[in-house]
Every structure is written in C-alpha cells, then in structure tokens.
Amino acid sequence: MQRLVGELSKLPGIGSRTAQRLAFHILRASDEDATALADSIREVKERIGLCEVCFNLTDEARCRICQDSRRDHGVICVVEEPGDVIPIERTHEYDGVYHVLGGALSPIEGIDAEDLKIAELLARVAAANGDTPAVREVVLATNPTTTGEATALYIADELHGRSPGLTVTRLASGLPVGSDLEYADEVTLGKAFAGRRSL
Ligand SMILES: [Zn+2]
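Read in numbering that gives the first Met the number 0, the sequence shown has 12 at position 13, and its numbers run on one by one without any break.
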C-alpha cells in the first residue's frame, strides 16, 4: 500500500493525501479495472515513442500528422511539448505539420539549444529537395513565457540566418475571448496592441 501511495504521489499535482485516496480507490476497484490501469501504464511505456520527423508522440515510426499527405508539409508549427499539439489541433485553424522541441531554452535550468530538437528543426527546413517539399513558413508557437519567448527569438534568428526567403511567424498574443478590456492585465493588453492587424 505504501509503495502504491509513494508511486502515485510522484505524479504532478498529486499530494500525499490525494495519493492515499487514489490508492484506497484502486484497492476497492474490481480486479479488472485495476489491471486495466496497470496494463495501460505498461503499454504506453512500451509502445509510445517519438515521431522520427517531428518528435510528437506516436506508436509508429512517423506520427499520423507527418504521414497525412492532405496536410500542408510546407508549414511547420514549432511547439515546446507534445501536449501543445492537441489544443492547436482542436482549433481546426491549422493544417500544416509540427515540430516538438521537447522544452524551452532556460539558462537557469541548464537547458541549452543542444538539449532541444532545434538542430533537427533547422535540418528539416534546410532539407527541401525532390521528395520533401520546401518549407515556406515556420510558426513559432512556444509558450508566451520568458523561456518560450527566448526560444522563439533564438530559433527565428537561426532560421533568418540560414533561410532568408523563409517566413517566420509567432502566434499573436491576444485578449481572452469574451472578456472586457478593463479586466486585461497590462502585459496581455500591451502584446495585443503590439500585435494588432488591419481590418
Ligand atoms: Zn510527426
């Protein structure tokens, strides 16, 4: 019991009280449910790896998005984590492909360019030839945080230096939909102003 509580409390957002509650819940659950949970954890570790092209999660060599010929392979959206692909897909606004960095640059945490899939991104952009279509645009969709911004600027710089014809864009920072201007914090409002577009 203690071992289960210990393992559960390693999960993000799970304190020791919650871990204990979950452990008791598992103990009371049917054998079938408890085994299904254990099996799914084992299976995800055995079968899920990273896509050889974009480093998104996949159970094949290439993820479904990279395999999809209906998607625009000339546009690459760069995100920090595999989990960032899901909300972008949910918008149905984007039909290009992705590149998952595996984090953001952070000198404080000792995360350098070599720790992220940045060289792989630069190689992808440069690789335009017969069978891979030329990349026209790279959308930098790293988080609007200090580390995310620093990562976007670093990559933009590297891309501009190597591929002068390439369009490099950053996601606009806007105001939350359905809220009033007076409730927006000044950083968000300032970014929304800087990123304004003509109508
Ligand atoms: Zn992929």
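For each residue, glycine too, the CB sits at the ideal point set by N, CA and C.
Taking the beta carbon of residue 24 as the centre, do at least 16 other beta carbons fall within 10 Å, making it buried, or is it exposed? As a working mapping, residue 24 is identified with position 25 in the sequence shown. So residue 24 counts as exposed.
So, for residue 171: in the same chain, excluding its five sequence neighbours on each side, which residues have a beta-carbon less than 7 Å away from its beta-carbon? Working through the sequence shown from its first residue, we reach residue 171 at position 172. If we look at residue 171 and ignore the five residues flanking it on each side, its Cβ neighbours are 194.
Please find out if some non-hydrogen atom of ligand 1 comes closer than 6 Å to the beta-carbon of residue 142. Working through the sequence shown from its first residue, we reach residue 142 at position 143. For ligand 1, not one heavy atom lies less than 6 Å from the Cβ of residue 142.
Element boundaries [alpha helix (DSSP H), containing residue 65]: As a working mapping, residue 65 is identified with position 66 in the sequence shown. Note, residue 65: alpha helix (DSSP H), 63-66.
Going residue by residue through the segment 93-162, where are the continuous beta strand (DSSP E) segments of at least 3 residues, counting only ones entirely within it? 95-99, 136-139
Is the separation between the beta-carbon of residue 36 and that of residue 18 shorter than 7 Å? Here residue 36 corresponds to residue number 37 of the sequence shown, with the count starting at 1. Here residue 18 corresponds to residue number 19 of the sequence shown, with the count starting at 1. Their beta carbons are not under 7 Å apart, which means residue 36 does not touch residue 18 by this criterion.
Would residue 99 be called buried (16 or more neighbouring beta carbons within 10 Å of its own) or exposed? To locate residue 99, count along the sequence shown from 1; it is residue 100. Under this definition residue 99 is a buried residue.
Evaluate residue 88 with the Cβ neighbour count: other Cβ atoms within 10 Å of its Cβ, from every protein chain shown; 16 or more gives buried, anything less gives exposed. Position 89 of the sequence shown, counting from 1, holds the residue named residue 88. So residue 88 ends up on the exposed side.
C-alpha distance - residue 74 paired with residue 104, whole-angstrom precision: Indexing the sequence shown from 1 puts residue 74 at position 75. Indexing the sequence shown from 1 puts residue 104 at position 105. Each residue's alpha carbon lies about 23 Å from the other.
What separation, rounded to the nearest whole angstrom, lies between the Cα atoms of residue 96 and residue 76? For the purposes of this step, residue 96 is taken as residue 97 along the sequence shown, with counting starting at 1. For the purposes of this step, residue 76 is taken as residue 77 along the sequence shown, with counting starting at 1. Their backbone Cα atoms lie some 6 Å apart in a straight line.
Taking buried to mean at least 16 other C-beta atoms within 10 Å of its own C-beta, is residue 115 buried or exposed? As a first step, residue 115 must be located in the sequence shown, where it is residue number 116. Flag for residue 115 reads buried.
DSSP beta-bridge partners of residue 76: Position 77 of the sequence shown, counting from 1, holds the residue named residue 76. 97, 138, per the DSSP bridge assignment.
Close beta carbons around residue 187, own chain, < 7 Å, minus the five adjacent residues each side: The residue you call residue 187 lines up with position 188 of the sequence shown. A distance below 7 Å between beta-carbons, with the five flanking residues on each side excluded, links residue 187 to the following residues of its chain, in chain order: 172, 174.
Reducing DSSP to helix, strand and coil, say where residue 48 ends up. In the sequence shown, residue 48 corresponds to position 49, counting from 1. Residue state, collapsed to three classes: strand.
Could you tell me which residues DSSP puts in a beta bridge with residue 71? Start at 1 with the first residue of the sequence shown, and residue 71 comes out as number 72. Partner(s): 95.
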